[in-house]
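Chains as they are written, first to last, in the working numbering: chain A, 534 to 892; chain B, 534 to 892; chain C, 534 to 892.
Report on one structure; see the data block that follows.
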Amino acid sequence: MNKTLVAAALLGACAGVAQAQSNVQIYGTIDAGVIKRTDQSLNIGKRAANTLGFKGSEELGNGLKAIFQLEMRYEPDTGTQELGSSTVNGVTTSVQRPLFQGQSRVGLQGDFGMIRIGRGLSPFQESVAYFDPWHGLPTPAGFWTDLSVAGFTTDPLGSPGTSGNRMSNAVFYNSPSYNGFQFNSAVGTKEASSGNAIIGRGTAALPQYPANAQPSTNPFSLSGTYNNGPMAAMLAYERNAVESKVWSLGASVLVMPELKLMGTYTSQDREHTFVSNSDVKAWVLGANYTMGPGKLLVGYGRKTPDGQPHTKQLSLGYEYSLSKRTYLYVDASRKEGAIGNATSTTTINHYDVGVNHSF
Amino acid sequence: MNKTLVAAALLGACAGVAQAQSNVQIYGTIDAGVIKRTDQSLNIGKRAANTLGFKGSEELGNGLKAIFQLEMRYEPDTGTQELGSSTVNGVTTSVQRPLFQGQSRVGLQGDFGMIRIGRGLSPFQESVAYFDPWHGLPTPAGFWTDLSVAGFTTDPLGSPGTSGNRMSNAVFYNSPSYNGFQFNSAVGTKEASSGNAIIGRGTAALPQYPANAQPSTNPFSLSGTYNNGPMAAMLAYERNAVESKVWSLGASVLVMPELKLMGTYTSQDREHTFVSNSDVKAWVLGANYTMGPGKLLVGYGRKTPDGQPHTKQLSLGYEYSLSKRTYLYVDASRKEGAIGNATSTTTINHYDVGVNHSF
Amino acid sequence: MNKTLVAAALLGACAGVAQAQSNVQIYGTIDAGVIKRTDQSLNIGKRAANTLGFKGSEELGNGLKAIFQLEMRYEPDTGTQELGSSTVNGVTTSVQRPLFQGQSRVGLQGDFGMIRIGRGLSPFQESVAYFDPWHGLPTPAGFWTDLSVAGFTTDPLGSPGTSGNRMSNAVFYNSPSYNGFQFNSAVGTKEASSGNAIIGRGTAALPQYPANAQPSTNPFSLSGTYNNGPMAAMLAYERNAVESKVWSLGASVLVMPELKLMGTYTSQDREHTFVSNSDVKAWVLGANYTMGPGKLLVGYGRKTPDGQPHTKQLSLGYEYSLSKRTYLYVDASRKEGAIGNATSTTTINHYDVGVNHSF
């Protein structure tokens with residue numbers, strides 16, 4: 534093709550178009566199974582997050598690399614983008630999350646570590662995932678999205694339906710690893726994100742954070758991690774946009790090659806938005822036992838919010854690998870506790886069986 | 534990169550990320566043309582479904598394979614996700630369909646056949662497509678989305694705008710082929726899908742299925758197909774979430790290598806939601822005649838709902854292949870019948886000319 | 534796999550699925566940085582459009598090619614599809630643009646030029662981009678989306694949130710290049726697109742274009758471009774769906790290999806929807822100066838709407854290339870003028886620093 538002016542204009546506006554294909558990797562996970570919960574009819578759903586991602590890196594010389602990652606999330610049972618929920622005036626509706634809910638980040642990596650801009654998991658949430666006996670899966674059979682983080686929400690002012698563990702409008706920095714030690718951090722802006730109102734210390738008529746409020750502080754998240762031989766450990770601290778604070782401690786040890794024991798202790802302080810009973814403490818203990826292609830998962834945890842009934846969860850799971858990329862799973866879990874702000878206690882049993890395929 | 538703890542956590546949560554690129558295939562269709570309908574101004578639109586898909590398979594040994602397929606649908610004239618329509622209180626609006634409207638399924642394939650979980654075409658709808666003279670295209674010039682299926686809707690309680698021929702929250706099983714015979718089936722759960730209300734045998738104030746109702750039965754779909762040499766045939770049965778039933782018979786024969794004749798007969802029973810006139814019967818006859826790179830399409834069909842005027846459709850089409858992946862097309866079609874629940878008859882002429890490119 | 538009937542049906546409906554992977558190129562841009570505007574808190578945002586695209590071409594013989602391009606747009610700071618804004622009754626909300634906001638087109642290319650159907654930039658908007666000192670970036674530091682086009686909107690009746698410079702439902706033709714001359718054109722249909730009402734010469738109760746109005750004329754856009762050696766020039770004319778007209782003249786010259794000077798003059802006539810003061814005139818002068826891996830951008834422009842204060846903009850920018858695909862940037866810009874229909878003047882300073890990576 535002749536390089537005409539319009540083609541040249543496009544070149545200027547979007548340099549990637551006209552050149553040879555760069556090395557974009559497509560990757561993802563599709564996970565679907567059958568789920569039975571105490572209070573629901575049998576349904577088809579997921580155990581892991583479902584992703585379709587695009588990522589790449591470019592060598593810039595002197596050990597410097599440009600990196601990017603764009604990760605869609607979806608629901609395989611209905612084909613939609615990943616769904617979250619939004620509650621306004623007590624009515625909860627299902628809301629589509631962002632197209633690239635998983636992450637959308639660009640940055641540079643080098644001897645100094647890795648700096649990225651965009652949206653992704655907070656360092657606290659990412660570090661805790663390693664010590665969850667369900668290896669960070671969002672399934673109710675696991676502990677990651679509730680007990681492991683003591684019910685903490687990373688993005689309380691995010692747009693309706695947003696997930697609880699990601700930071701938008703943030704800069705992320707990860708240090709290199711020194712003898713197994715690594716430092717991870719992120720700080721967000723005070724941009725408003727069309728979020729729902731949060732009553733907090735206000736009233737329904739005059740909420741502490743009205744709809745589309747800006748953060749009252751720059752949210753940030755820090756974690757230090759250690760991973761060397763059979764031992765791993767983590768210490769993390771995060772403060773979110775409504776000034777709730779959380780700190781967390783985690784450790785794991787391979788007592789033999791087949792057996793990993795792990796635990797977390799997490800403490801949340803919501804004093805800025807709660808008049809009383811602002812603290813939540815939680816701990817989780819778990820084990821993974823590998824038997825050839827099979828892996829047994831066991832976990833038990835408690836979450837204790839001040840002045841409310843505590844939550845107890847016991848879970849058993851089994852994963853059977855058909856290959857490095859594909860496994861079958863089955864879980865049984867019992868969770869007993871107060872739902873939302875209820876003062877009475879409910880027990881929910883959760884069972885699932887399904888397949889997980891990475892590509 | 535050092536495998537730091539956070540990287541390891543990500544590994545656990547999403548095994549696909551860190552390994553070598555697996556063999557994801559990108560495929561799709563883009564089809565756009567100029568359309569003139571009797572009652573509309575000239576517009577740009579589609580003849581075929583427009584898709585952008587991602588699929589792959591993994592050998593697990595012993596003939597077993599893990600398979601997945603994620604298929605977006607879109608409108609090339611405006612760049613949006615595929616649009617459907619939603620009617621509430623007599624007002625119809627345009628609504629975006631799910632991102633992966635085409636399908637989102639994961640499963641296993643082996644000597645036993647193929648089992649998949651997720652969302653996709655029902656076996657009935659998929660089998661009928663083969664006997665449509667417009668080879669299953671959704672264009673009004675073809676017969677697939679209305680006359681071939683006797684107006685049957687596979688997902689009547691689906692979320693607003695959902696397509697009429699797909700099952701969400703379903704398990705799909707396809708047998709292997711035995712001497713050309715194959716058995717295909719799917720069964721869905723009774724999950725609610727945020728669907729609009731269906732008055733049915735109720736009233737506007739007290740509809741038989743209120744908004745976001747659960748199915749009153751597990752929807753399922755069955756088809757047996759035969760394909761051997763010049764002959765193909767199909768028998769299918771389906772019952773949807775509001776207990777409408779449909780059965781269908783189809784056959785085709787290559788009377789010479791250039792000429793395929795085909796026909797379907799389909800009968801729908803909507804007794805569960807209709808007080809009277811619950812039956813709809815329809816038949817379609819068609820032919821495809823290949824002349825070098827060209828193919829002539831001819832079809833005629835009738836749909837006869839009890840107590841309502843019948844619908845007649847005559848269509849003529851021509852496809853000219855520029856390659857195996859690209860063809861030009863032109864269609865002329867006349868459809869005469871009652872629109873919706875009208876008791877009077879309307880005639881709509883439809884003309885189109887355009888291009889279809891697969892990639 | 535045995536080619537069973539259902540597989541064969543899929544083959545007919547979607548020929549691309551079963552064949553070997555064709556050569557789909559994935560490409561895109563991710564651009565994110567830190568932005569400070571006079572009237573906003575510090576935020577994370579973009580300077581360039583963020584894209585994830587899929588494109589391909591197929592040789593058909595005799596120099597003929599089938600081509601397609603599908604281009605997503607997104608916001609890396611929050612992971613959503615690209616956002617636009619929609620104003621109804623004076624209230625402005627953020628609205629997601631189409632999934633393939635960048636473009637969705639299919640067509641043929643050969644000795645005759647290139648003909649495509651779908652949605653994309655209008656030839657006027659595309660040609661002007663080449664003469665913008667910020668090479669067609671949508672950042673407020675550049676001139677392309679406002680001053681370079683004299684505030685002209687290509688799609689005023691488009692669906693809420695739609696971008697101002699794209700045509701939906703259009704046929705695009707680009708001639709081959711003759712000694713550097715090229716002719717580009719597009720014409721749209723009169724389809725309604727669910728747009729918001731435009732009061733125009735009507736009243737709020739009886740707007741000239743009610744919500745979801747059809748165009749009162751076929752929109753079209755023409756440009757002639759010249760690009761040869763150090764000289765480039767452009768003449769363009771466009772009439773949109775509400776009969777506003779615009780013409781534009783642009784020229785650039787490489788006075789030395791490192792220095793490109795450029796300018797545009799653009800005149801808009803909105804007589805069809807304005808009772809008075811219907812004309813807007815604007816000019817922009819700019820320079821790009823290359824210094825090794827760095828490039829300095831300078832621009833100054835004015836927009837003069839009849840009977841309203843004029844807008845003045847002065848911008849300075851610097852881009853530092855880390856590679857052909859990755860650069861860092863910093864901008865400082867001051868814009869003084871009437872916002873919207875205001876009669877008083879506001880000054881907005883805009884600063885940004887960030888990274889742009891193409892893949």
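We treat Cβ as the ideally placed atom computed from N, Cα and C, and that holds for glycine.
- Put simply, the stretch 761-779 of chain A touches the stretch 792-803 of chain A. At least three CB pairs are less than 8 Å apart.
- Assigned with DSSP and collapsed to three states, F633 of chain A falls in coil, not helix or strand.
- For the stretch 587-615 of chain C, the full-length beta strand (DSSP E) segments reaching 3 residues or more read 597-606 along the chain.
- With contact defined as three or more Cβ pairs closer than 8 Å, the stretch 717-725 of chain C and the stretch 734-748 of chain C are in contact.
- Taking 8 Å as the cut-off, the beta carbon of S655 of chain C is found no closer than this to the beta carbon of R606 of chain C.
- Taking one beta carbon from each stretch, the stretch 783-793 of chain C and the stretch 657-669 of chain C have 3 or more pairs nearer than 8 Å; the two touch.
- DSSP places A766 of chain C inside the beta strand (DSSP E), whose first and last residues are 764-772.
- The beta-carbon of N622 of chain B is placed no less than 8 Å from the nearest beta-carbon of chain A.
- Of the candidates C:R630, C:G762, C:T613, the residue whose Cα lies closest to the Cα of A784 of chain C is C:G762.
- In the displayed model, Q658 of chain B falls within a helix according to three-state DSSP.
- DSSP places F714 of chain A inside the beta strand (DSSP E), whose first and last residues are 714-721.
- Under the three-state reduction of DSSP output, P693 of chain C falls in the coil class, being neither helix nor strand.
- Taking each of A:K814, A:T626, A:E604 in turn and checking the Cα distance to T844 of chain A, the smallest one comes out for A:K814.
- Counting the other CB atoms within 10 Å of its CB gives R772 of chain C a total of 16 or more, which places it among the buried residues.
- Residue state for F892 of chain A is assigned as coil, using DSSP reduced to three classes.
- Burial is judged here by how many other beta carbons sit within 10 angstroms of a residue's own beta carbon; L690 of chain B has at least 16 and is buried.
- If only uninterrupted beta strand (DSSP E) runs of at least 3 residues are considered, those enclosed by the stretch 772-842 of chain C are 778-789, 792-802, 812-824, 827-838.
- L829 of chain A has its alpha-carbon roughly 23 Å from the corresponding atom of G594 of chain B.
- Under DSSP, R652 of chain A shares a beta bridge with A:S637.
- Cα atoms of F601 of chain C and N556 of chain C: separation of roughly 11 Å, rounded to the nearest angstrom.
- Contact annotation: in the stretch 608-634 of chain B, residues whose CB is within less than 9 Å of a CB in chain C are E608, P609, D610, T611, G612, T613, Q614, T626, S627, Q629, L632.
- Going by beta carbons, E604 of chain C and F633 of chain C fall inside the 8 Å limit.
- A residue is called buried once 16 or more other Cβ atoms fall within 10 Å of its Cβ, and N882 of chain B, having fewer, is exposed.
- The continuous beta strand (DSSP E) containing N707 of chain B extends over residues 699-707.
- When the beta-carbon positions are compared, E592 of chain C and R858 of chain B stay at least 8 Å from each other.
- Look at the stretch 746-779 of chain C: the residues with a C-beta under 9 Å from a C-beta of chain A are S756, T758, Y759, N760, A765, A766, M767.
- With a cutoff of 8 Å on beta-carbon distance, N889 of chain B and R580 of chain B are scored as near each other.
- At a C-beta separation below 9 Å, A703 of chain A has these neighbours in chain C: I577, D610.
- Three or more beta-carbon pairs separated by less than 8 Å link the stretch 820-835 of chain A to the stretch 848-866 of chain A, which places the two stretches in contact.
- Linking G617 of chain B to L739 of chain C through their CA atoms gives a straight-line distance of about 30 Å.
- Taking S708 of chain C as the centre and dropping the five residues before and after it, the same chain places the C-beta of G646, Q715, F716 closer than 6 Å to its C-beta, in chain order.
- L739 of chain A is not bridged by DSSP to any residue.
- The beta carbon of P609 of chain A lies closer than 6 Å to those of I563, A565, N583 in the same chain, with the five residues before and after it left out.
- The contact set of A820 of chain B on chain A, defined by CB atoms closer than 9 Å, is empty, because the minimum CB distance reaches about 35 Å.
- Flagged as an interface residue toward chain B: G887 of chain A, by a C-beta distance shorter than 8 Å.
- DSSP places K857 of chain B outside both helix and strand once states are collapsed to three, so it counts as coil.
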